[in-house]
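To start, the structure itself, in structure tokens.
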Amino acid sequence: MARIARLRDDLINKIAAGEVVERPASVVKELVENSLDAGARTVQVALEGGGLQRIVISDDGHGMGREDAVLCLERHATSKLRELDDLHSLASKGFRGEALPAIAAVSHFTLHTAEPGAEVGTRVTVEGGAPPQVEDAPPRVGTVMTVEDLFYNTPARLKFMRRGETELKHVEEAVIRIALAHPEVSFLVEHGGLPLFTSPACPDDPTERIAAALGADVHPHLFPVEERRLDISVTGYIASPEYTLPTARGIYTFVNRRYVRDRGVIGAIQRAYQEYLPSGRQPLVVLFLEVDPQAVDVNVHPQKLEVRFSDSRGVYDAVLAAIVRTLRAAPWLGAAPQEADPKRQAAHYAQAVERFLTRAQEAAWGAPMPLPLAADAPSMGAPPPPVPMGRAPAFGQALPQLNEAPPPGYFGALRPLGLLGGRFHVCEGPGGTLVVLDPHAALERARLMDFHRLMEEGKGPTPSLFGTTVDLPLPAARALMGGREALARLGFDVEPFGGTSFALKSVPPGLEGVEPRKLLEALAHALPPPGTALDAVGLAEALRVMACHAAQGSADKLTDAQLRGLLAELDRADFHPTCRHGTVVVLEMPLLELERRAR
Ligand SMILES: Nc1ncnc2c1ncn2[C@@H]1O[C@H](COP(=O)(O)OP(=O)(O)OP(=O)(O)O)[C@@H](O)[C@H]1O
Ligand SMILES: [Mg+2]
């Protein structure tokens, strides 16, 4: 008796589904990609139960006639490829003709479609890979695909599904990846009837899409990149180095508008940013590579998440060059300061001080030397300048990027002279030195010490009575959902309040007066990825964010008495060299030496 038997089609489809349809997010990815391939201008995604219960994708694309509507559910049936060579001139996302039969094999599946102008439409129903039922349906524009009870007939796979909440996050990420590459298409995503992600078409300004997908707070930090070569073009947007993330999840790379993770491309991006970012921080980058389809193989990964370049070195070089050019030009330094953005304002003042001090040095030595300022200013993105030989470095100049311990009583001995640029306190320091104090950095440092002390005492901050609801952008809401445990450890009591809203019930002492939305948004970016515990690095980063917000605002209007109090606090602060999470508080210039040389 023969040992070998041909598998039934429904079984083959179920096996294939194991590769293509990993979770609800893969269904959404495949169906939305089909909608785009059909020329849709609007794509709607409605979900129930994190997509496990129900996924409905509606589009206004070219739809299908009856014959195609039935054929599309057969394995290897596609309108996108006829010959192997077509792979080298592919403009569509799909080409294998396997997604729909795979999805229909592991769900209750319905499609309703019609061709433009048709008098009658078609509804096709498939129950877990059984033969399709076809019937007349009202005519409509485009196609609706409904996927219910995903994996109901593959219990092994169903067991691997996470909570609806987690699956939903994967779905959102899948939509964001597609939406970033298609600003000309409108996207509407809802879950349980509540909108999750809404982004109207914005073909003229792709940064609007980036802001809708990745958070409005990134928008002012985005700058274009462009590198056009004979065989490759690299375009897109990168965030200036002052906007960083704890993980590489803000790096989105696309090859011919297909979202792709490529180690070489990501390596080139990280290499470009290397000297601009503090260690452990990652940039936000949305990058589009256009390459000749002949020079890239898109058929190397079951979910098409990887490609193979014929000239991977050339790709690496082009990406590196594109990003380095923008980083070197540092367009954010020339940008007009925006009142609403304190970071921008800080950068503006930091430059003013830098220019002032550089001019003073030029006058004295005839050669400019870049000067470091507060670590949160973009001018600190570059590594600290070397201290010239043969001259004893003053405090703050020797290790300006660290918080080197000053001599005891250093801050209390400073004699305030006045304000520079309306923000920095210029003081006379010990031994005739010019000391520029960044009050925001100083306050942040003091608050950071408070928060550290509370955590070290083991009590954690005592929650205070507080109560407000906050609506967050989608990415921040997602991060917060996954990081609620970490937040509780930090002394926050935050509860989901439906959609992207949260009820903030208590905050740690010292944060009562801060703008809750901004604080939560910033914390969301600092939290570890969902499912990851808050480690020492994460904790330090979260405390730094809290300290930064606790200091916000109050630094602008320090009275003389408050300044004295702050200086005394700094003398008590722990500037232990191993604690590098506070920003640099002062910059010191050896003024007397300057005068002596100028004579
Ligand atoms: N929303 C839609 N509107 C119009 N036609 C569609 C739509 N979705 C699918 N189709 C048609 O059904 C065919 C099969 O879709 P399916 O996703 O299974 O394969 P594919 O997109 O060709 O390749 P891949 O498996 O790589 O995605 C497509 O080639 C397309 O012609
Ligand atoms: Mg497809």
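Start counting the sequence shown at 17; every next residue gets the next number (the working numbering).
Beta carbons are placed, not taken as given, at the ideal position from N, Cα and C, and that holds for glycine.
Taking all protein chains shown into account, Met465 has 16 or more neighbouring C-beta atoms within 10 Å of its C-beta and is therefore buried. One thing to note: Gln60 has its Cβ within 8 Å of the Cβ of Ser74. For Cys564, the three-state secondary structure derived from DSSP is helix.
As the crow flies, the alpha-carbon of Ala284 is around 19 Å from that of Arg274. Short note on Gly209: C-beta not closer than 7 Å to any heavy atom of ligand 2. Using a C-beta cut-off of 8 Å, the region 177-197 makes no contact with the region 72-89, since fewer than three inter-stretch Cβ pairs fall below that distance. The residue among Asn169, Val136, Asp576 and Met177 with its C-alpha nearest the C-alpha of Gly158 is Val136. With a threshold of 16 other beta carbon atoms within 10 Å, Glu35 falls short and is exposed. Going by beta carbons, Leu210 and Gly499 fall outside the 8 Å limit. By the 16-neighbour rule on beta-carbons within 10 angstroms, Glu460 is buried.
Comparing alpha carbon positions, the residue from Ala492, Ala540 and Arg463 closest to Leu527 is Arg463. In the three-state scheme derived from DSSP, where H, G and I count as helix and E and B as strand, Ile20 is classed as coil.
With distances taken between CA atoms, Thr138 lies nearest to Met161 out of His124, Arg179 and Met161. Going by DSSP, Ser123 is part of no alpha helix (DSSP H) at all; its letter is neither H nor E. Boundaries of the beta strand (DSSP E) around Arg70: Arg70 to Asp75.
Nearest neighbour of Leu47 by Cα position, chosen from Lys30, Ile28 and Gly67, turns out to be Gly67.
Within the model, the alpha-carbon separation for Val250 versus Leu305 is close to 5 Å. By the neighbour-count criterion, in which a residue is buried when 16 or more other Cβ atoms sit within 10 angstroms of its Cβ, Asn315 is exposed. A residue is called buried when at least 16 other Cβ atoms come within 10 angstroms of its Cβ; Met17 does not meet this threshold and is exposed. Within the region 142-209, the runs of beta strand (DSSP E) at least 3 residues long that lie entirely inside it are, in chain order, 149-153, 159-164 and 202-207. Relative to ligand 2, the beta carbon of Glu90 is positioned no closer than 7 Å to any heavy atom. The beta carbon of Arg533 lies closer than 6 Å to those of Val486 in the same chain, with the five residues before and after it left out. DSSP places Val48 in the helix class (H, G or I) of the three-state scheme.
Looking at the DSSP output, Thr58 bridges to Ser202.
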